[in-house]
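S.K.:
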Amino acid sequence: MNAARDAALKAIPKRRDFVTGPFHRAAYLAAARELIAPGRPNPIIDYMSPTPSHLLNISLAGHIPPEVHCPTEFPKLFHRPQVDTLTSKPRPTPIPISDVPLPVGHHLVYFGPQATSSELMPDGTVADHCPGAHFTRRMWAGGRVRFSNMNGGGAWGNGGDENPPAARGDKTAEPGLWLDGRRAICVEKVVGDPVVKGTKGEEKVFVEISRKYGKMDTYNLAQAIAEVEEKPDIDETRTLVFMRERKDVKEAKALKNAGRLAAVPPVDKEKERDVARQLQLRMKTMVPTYSFSLTPDKKLLFQFSALTFNAHAIHLDRRYAQKVEGHKDLLVHGPLSLSLVLMAVRAQAARLLAEKGERVGLAELNYRNLAPLYVDEKMKVCVRMREGQTWDVWVEGPNGRFAVKGTATMQSLE
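Be aware that the sequence shown starts at 0, since it is given in numbering that gives the first Met the number 0, and climbs by one per residue.
(1) Look up K199 in the DSSP assignment and say whether it is helix, strand or coil.
(2) Start and end of the alpha helix (DSSP H) containing S58?
(3) Using alpha carbons as the reference points, say which of S292, S117, K188, V108 lies closest to M47.
(4) Applying the criterion that 16 or more other CB atoms from any shown protein chain within 10 Å of the CB defines a buried residue, is R243 buried or exposed?
(5) May I ask you to report which of helix, strand or coil DSSP gives M384?
(6) Determine the burial state of A25: buried for a count of at least 16 other Cβ atoms within 10 Å of its Cβ, exposed for fewer.
(7) In whole angstroms, give me the CA-to-CA distance for F205 and D192.
(8) At what residues does the alpha helix (DSSP H) containing Q222 begin and finish?
(9) Rounded to whole angstroms, what is the Cα-Cα separation between R317 and V194?
(10) Put Y319 into one of helix, strand or coil per three-state DSSP.
(11) From this set, A305, V380, S52, T284, which residue's C-alpha is nearest G104's C-alpha?
(12) Can you give the beta carbon distance from I43 to F146, rounded, assuming they're within the 8 Å contact cut?
(13) Tell whether a beta-carbon distance below 8 Å holds between V380 and A348.
(14) Measure from the alpha carbon of F308 to the alpha carbon of each residue in G123, C185, R39, then state which is nearest.
(15) If I'm right that F291 touches I63 with Cβ under 8 Å, what's the distance once you round it to whole angstroms?
(16) Assuming V404 is part of the beta strand (DSSP E), what are its boundary residues?
(17) For the stretch 394 to 407 against the stretch 354 to 369, are there 3 or more C-beta pairs whose distance is under 8 Å?
(18) Between V403 and L329, is the Cβ-Cβ spacing less than 8 Å?
(19) Could you tell me how far apart the beta carbons of M285 and D391 are, in whole angstroms, since I believe they sit closer than 8 Å?
(20) Could you please give the first and the last residue of the uninterrupted alpha helix (DSSP H) stretch that includes R243?
(21) Mind listing, in chain order, the continuous alpha helix (DSSP H) runs of no fewer than 4 residues lying wholly within the stretch 303 to 370?
(22) Taking L369 as the reference, which of G142, K188, A36, D179 has the closest Cα?
(23) In three-state DSSP terms, what is V67?
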């Protein structure tokens, strides 16, 4: 009886194996739509302990300037300096004793995937967003982050207030997510149908994910979902791109090029040089108001993977990243570069406008990931103030070209 049951269980197809054989776009999209179930809410509950935020600060200490990952307002909230017992020196990243707002960019180390090992894809990612075979190579293409309650969520800036709301403990006047140990919820769902782009044999599937975050003041899950969807503290959209397995790409290219080499147009070297010159000119005009550089190492990638409960092998397993995915080395997490950009633009906007006595909040950031960033390679995070409350944000790779590019919008809190 048990043997028959085990055989029957093994015969059940895995979710990720629902498509085999040749790729037919219409049939694939219909099956993918059924698999990822657009519009179905996936609630993720977390407790807003200060520990993950504190550990993120510790991970970043020594890599980026303290004023970026530890807002200047926060030291005013500490009752006493915390001292390293070995060196007798103050710790550069003390854990807050009082409740503080969730720092901007730190929401990315909360509300991680809640999946068992058996529920993960072979590459360590969650199966919920995967449209299925043949598209299993996942990358983060870009997105948008919007702060609805700018006084909370760590998106606020202090314009010379010596006794900020956090120090007063006035959390009713300052809405948003706080590091106070209370329950909070992220409502995640796929938005719309998956989209296929690209020529035959080189298609890519784009899946858009909505994540809305807020406090959970009720034990009624349906009510909590409805409240957060109606009025989130943080409203985030992520665009994921799923690419073919490398063997599928190689086979498709071989078939496409077989017997048709004569039809391939010659490479226009002059056009390539023009494009390169235009890129260099654009980079020269993008002079940052503020920037800092860092070189992410394997330790930082591991720590960020652990904090985000992210088992994606391209960040942890060099052999997998190179041999299976075709990358030259381990990749820097998309959420890590996003977190750095968010922290940098918030800190600098608050600093510059505080000199004028203004309090500002980070209202929105739109960004695109243009090129991968790799371990042990220098990256430069840049922000530039434009007219009004708009900021350019970007990350440069070791060659000086854009790896991430976006626009941030600030808003006065007065």
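Glycine included, C-beta positions come from ideal geometry on N, C-alpha and C.
Owing to the predicted nature of the structure, the values given are computational and were not obtained by experimental measurement.
M.R.: In short, the structure shows the following:
(1) Locating residue 199 in the sequence shown gives position 200, where the first residue counts as 1. K199: coil per DSSP, three-state reduction.
(2) The sequence position of residue 58 within the sequence shown is 59, counting from 1. 49 to 59 is the extent of the alpha helix (DSSP H) around S58.
(3) Along the sequence shown, one-based indexing puts residue 47 at 48. Looking at the Cα atoms, V108 is the closest of the given residues.
(4) Taking the sequence shown and counting its residues from 1, the one referred to as residue 243 is at position 244. Looking at its Cβ environment, which holds 16 or more other Cβ atoms inside 10 Å, R243 is buried.
(5) Residue numbering aside, residue 384 sits at position 385 when the sequence shown is read from its first letter. Reduced to three states, the DSSP call for M384 is strand.
(6) Sequence index remark: in the sequence shown, residue 25 carries index 26 (1-based). It is exposed - the Cβ of A25 has fewer than 16 other Cβ atoms within 10 Å.
(7) Counting from 1 along the sequence shown, the entry for residue 205 is found at position 206. Counting from 1 along the sequence shown, the entry for residue 192 is found at position 193. Computed Cα separation, rounded: 9 Å.
(8) Reading the sequence shown from its first residue, position 223 is the one you call residue 222. Segment 220 to 229, the alpha helix (DSSP H) holding Q222.
(9) Your numbering for residue 317 matches position 318 in the sequence shown. Your numbering for residue 194 matches position 195 in the sequence shown. Whole-angstrom Cα-Cα distance: 30 Å.
(10) In the sequence shown, the residue the question calls residue 319 occupies position 320. DSSP places Y319 in helix when its eight states are reduced to three.
(11) Here residue 104 refers to the residue found at position 105 when the sequence shown is read from its first residue. Comparing Cα-Cα distances from G104 to each of A305, V380, S52, T284, the minimum goes to S52.
(12) The sequence position of residue 43 within the sequence shown is 44, counting from 1. The sequence position of residue 146 within the sequence shown is 147, counting from 1. The Cβ separation is near 19 Å, so there is no contact.
(13) Within the sequence shown, residue 380 is the residue found at index 381, counting from 1. Within the sequence shown, residue 348 is the residue found at index 349, counting from 1. Cβ atoms of V380 and A348: not closer than 8 Å.
(14) Your numbering for residue 308 matches position 309 in the sequence shown. The residue with the shortest Cα to Cα distance from F308 is G123.
(15) Residue 291 sits at position 292 when you count from the first residue of the sequence shown. Residue 63 sits at position 64 when you count from the first residue of the sequence shown. 6 Å between Cβ atoms; contact.
(16) By one-based count along the sequence shown, residue 404 stands at place 405. Here residue 404 is Lys; the residue named in the question, Val, does not match the sequence. Element bounds for K404: 401 to 411.
(17) yes
(18) Here residue 403 refers to the residue found at position 404 of the sequence shown. Here residue 329 refers to the residue found at position 330 of the sequence shown. No, they are not a contact pair.
(19) Position 286 of the sequence shown, counted from the first residue, corresponds to residue 285. Position 392 of the sequence shown, counted from the first residue, corresponds to residue 391. Contact flag correct, Cβ pair sits at about 7 Å.
(20) Here residue 243 is taken as the residue at index 244 of the sequence shown, counted from 1. Run containing R243: none in the alpha helix (DSSP H); it sits in the beta strand (DSSP E), 233 to 243.
(21) 333 to 353
(22) Residue mapping note: residue 369 aligns to position 370 of the sequence shown, counting from 1. Nearest option by C-alpha distance: G142.
(23) Sequence index remark: in the sequence shown, residue 67 carries index 68 (1-based). Three-state result, V67: helix.
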